[in-house]
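Step one of this worksheet: look at the structure below.
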Amino acid sequence: MINFKSSGSISGAVHATKEAMNQQILQAVCDEDTMSSNSVGMSDLSDEILLCILHHVPVCDLLMNVANVCQKLHTLCHDKTLLTNVRLSEEYLADDQLVRRTLKQLSNHVQSLSLNGCYWLSGSTMEHLARCRGVTHLDVTGCRLTSLSLSRLLSSLSLLRSLAFDVRPCFNSALLSSEAVDSLSRLTELRQTLFTPSYGVVPCCAQLRKLMLQFDIPDVTREGVGVCCQLMVGQSSVPHYEQLEEFTARLAPGEVNQTLLLLYLAVFSVHIPKHLRIFLVSIPGPNPAHWPAAPSLAQSLGERGDLVALQLPRSWLDSLSLKRALEGNSPKHLSFSRCPALWPQVFQSLLNGGVRDATQLISLNLSGINHVPYSECRSVEDQLVSGTVSQLAAACCNIKHLNLMHTHYHHEHSSGLNGEAHLCASLARFKRLRSLTLPACALSDGLNTSNISTRNPALSPLFQGLKKPPRVGLQTYKPDSEPPPSGNGTSGLALLTAGCPFLETFELIGPGFASTLPRLEPCSRASVEPRGMCAWARGVGDTHLAALEALPRLHRVTLAGLPGVVRGTGLVQLTQQCRDLRVLSLANLGSLKTMSYTAALLDALKQCTQLQELRLEQPYLNANSSFFEALSCCSRLQRVCLISRSGTFDPSATETFMENCCHVIMCHMFMGGTLVACRTLQKALLDRFSVERSALSVAIYPLQHEDLPSVIRGIPLTLLDQITLFQSHVAQPPHLSPL
């Protein structure tokens, strides 16, 4: 029996007939009246079944190998359903020569072609894209393209309607030919990744309906020179986005990025595109630059009634503007990350008829929606309320993606304590939920009051959520001096797993967690609390991780900032049952002074046979031979990132691991040790494996190295997203995920 697994590349028609084809295979194998089971081969399967199988074969293998097996497979491999939409982005073993041969055979078939993140391909290989003259959608983000080569490419693709590319410091729009400008004038979709202050090709695109921007410009160059947001001469004429329907912008930290974004949005202060229905802007950090045109944008979106997705920085909207934007609309994606002033209006709009049809909502990001520094909490109103979430589940019954990171829920001290259901019971009512991000304290069943000092019968001021000023003669209260709560059960979590058995992505992040990765450290540390400020979160431990075994469909798991995880036994139980785990992210579990869950981690890794990505951050990680031996059991592993300020590594064990795991194309280690040792290992890995792995990316540096920020900026964005995995991607609208 052949087992088909779902894939994003399979068309809707193939999905609809998958079960019928499975039955057909079973009938062909089991029907003893027509044939014996031993005689069934590939040639006995129908063309529809074979096409479904071939959908899972990388296109380079499909055309260069499978097509040469026999005449029937040759015909099927050139079927238009396989070659119309082609994605080469994850074919990491395809070198320049193989890609060129593949493009030659694709030239008469392909209409949508993505090379997103193919950073390893040479510029001369990019020239061969001009063969594919029928391409209407092209993505070359992360590829090596100069202004001249882009001009020649655009001149050959007269049917192009969608383009995605990088605007690098060497980009010069003056080098674009008139034929290239003509092609740009017909574009309806454009995605630009900006590495330098520039309008890119936006001034040439008068018919744009979708504009997607990613700003990744550092404030300081590698030489230490400040970057000035001064646009190049001849790029001041920005079109007025007359046809624009979607605008999305994702910013990396930095003032230059915010300044450039406001230049792109300057025309909105004069005229709001009348067809605009998606507006998504993600600005990291606590203080996004103010945009005066936000209220008029909100009013315009509310008047039309066709809003699909909305995300704005917290300083761009007030409650009244938000009410106007949502009123009369039926949005599918909403994000109010780090907008504590808006959360009353958000719930009022969703629960009390402020939107036309709340059942249309698919993804909702409330990360930090009610967040204020925990020491400044004044009342239980600063926490999530189980009853309100229950109402939300009833009103927005089709939500698939929900993000509650950087919020608080304390079961013993929520309003309506007498008999009120646990928050997890309310979350269990989201029956269609597929991805969920929670604060650690949301899983706790409550504090054990026996742990509270008997000298003070009242609850600690910290537990009450009050900021108590210091008094003369009394020692200032320190949260970490309180013993961690014990006796917490997992009854709340059990309700969640029973109600949402189809969860595929689960993220559990402690309120005090902040990654040590330098690139995002300033903005992430500014938006989280000091470690240990929430005693409820400190009570979540191994038993809670073990309870996650009731979610066997999990593909992605993130666990970060959980000091209550001591031995890691729950991690073993989790991986034992969740056999299809593809992405695992672990950071700062247990004590930060020692890594007490090493043995359990090794046992867990040996069970992760389907794992493709691992990110592990722990201050005292010992990446020795035992660690890499366990990691070698993950035979499908493609990306591994280790971050440990005081960690050590074994160079010979690392090489052996890379030899055993032949699919690894990203090996990033930011640990302790000397710069010489790191560079020696990095060179050894590149010299030994880069020939057979064209896409190999190796970065091994001590965390204390002064040039590390430049190293991080030099890593391709597609791989950098893997490093920054702890910044939640749950409940993000299309084309946008936060840094």
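So in the numbering used here, the last one in the sequence shown is 1081, and the numbering has no gaps at all. The C-beta atom is built at its ideal place from N, Cα and C for all residues, glycine as well.
- Here Ser-977 carries a coil assignment [DSSP, helix/strand/coil].
- Excluding sequence positions up to five before and after Thr-730, its CB lies within less than 7 Å of the CB of Phe-689, all in the same chain and listed in chain order.
- Looking at Arg-494, Arg-528, Ala-516, the one whose alpha-carbon comes closest to that of His-479 is Arg-528.
- Per the C-alpha coordinates, the member of Thr-530, Ser-540, Ile-851 positioned closest to Lys-552 is Thr-530.
- Each of Leu-765, Ala-782, Leu-744 was checked against the Cα of Leu-775, and the nearest Cα belongs to Leu-744.
- Annotation for Ile-711: no beta strand (DSSP E) segment contains it, and DSSP assigns it neither H nor E.
- By the criterion of a C-beta distance shorter than 7 Å, Thr-885 is surrounded in its chain by Thr-832, Gly-912, once the five residues flanking it on both sides are discounted.
- The Cβ atoms of Arg-1055 and Pro-560 sit closer than 7 Å to each other.
- Relative to Pro-630, the option among Pro-682, Phe-513, Ala-737, Ser-657 whose CA is nearest is Ser-657.
- In the structure shown, Arg-443 adopts helical secondary structure according to DSSP, grouped into three states.
- Where Ala-879 is concerned, the enclosing alpha helix (DSSP H) starts and stops at 877–880.
- Around Leu-785, the same chain offers Leu-835, Val-882, His-886 as residues with beta carbons nearer than 6 Å, after the five sequence neighbours per side are excluded.
- Taking the Cβ atoms as the reference, Pro-682 lies roughly 21 Å from Val-697, outside the contact range of under 8 Å.
- Look at Ser-493 here: in three-state DSSP terms it is helix.
- Excluding five sequence positions before and after Gly-906, the CB atoms of its chain that fall closer than 7 Å to its own CB belong to Pro-826, Arg-880, Gly-881, Val-882, Gly-883, given in chain order.
- The C-alpha of Val-1006 is placed about 15 Å away from the C-alpha of Leu-947.
- Separation of the CB atoms of Gly-644 and Leu-668 is rounded to 7 Å, and the pair is thereby assigned contact status at 8 Å.
- Taken in chain order, the complete alpha helix (DSSP H) segments of 4 or more residues contained in the segment 992–1051 are 993–1002, 1017–1031.
- Scanning its chain for C-beta atoms nearer than 6 Å, with the 5 sequence neighbours on each side dropped, one finds around Asn-427 the residues Ser-454, in chain order.
- Rounded to whole angstroms, the Cβ separation of Cys-419 and Leu-440 is 15 Å, and the two are not in contact under 8 Å.
- For Met-937, there is no enclosing beta strand (DSSP E), since its DSSP letter is neither H nor E.
- When the five nearest sequence neighbours on each side are left out, the beta carbons in the same chain lying within less than 6 Å of the beta carbon of Asn-1002 are those of Ser-974, in order along the chain.
- In chain order, Tyr-962 place their CB closer than 7 Å to the CB of Thr-936, counting only its own chain and leaving out the 5 sequence neighbours on each side.
- In terms of Cα proximity to Cys-412, the closest of Met-384, Asp-437, Ile-391, Asp-438 is Met-384.
- The segment 1032–1040 and the segment 429–443 touch, with no fewer than 3 CB-CB distances between them shorter than 8 Å.
- For Phe-689, the uninterrupted alpha helix (DSSP H) segment begins and ends at 685–693.
- Just so you know, the alpha carbons of Ala-594 and Phe-557 end up roughly 6 Å apart.
- Per DSSP, the continuous beta strand (DSSP E) segment holding Met-554 begins and ends at 552–557.
- Straight across, the Cα-Cα distance linking Phe-970 with Ser-938 is about 18 Å.
- The three-state reading of DSSP puts Arg-528 in coil, since its state is none of H, G, I, E or B.
- Within the same chain, and ignoring the five residues on either side of Ser-661 in sequence, the residues whose Cβ sits closer than 8 Å to its Cβ are Ala-683, Leu-684, Pro-686, Gln-687.
- Ser-497 places its beta carbon less than 7 Å from that of Glu-521.
- For Gly-912, the enclosing alpha helix (DSSP H) starts and ends at 911–919.
- Considering only Leu-901, Leu-958, Glu-846, Ala-965, the residue with the shortest C-alpha distance to Arg-921 is Glu-846.
- Around the Cβ of Ala-902, a 10 Å sphere holds 16 or more other Cβ atoms; the residue is buried.
- In terms of Cα proximity to Thr-951, the closest of Cys-976, Asn-458, Thr-990 is Cys-976.
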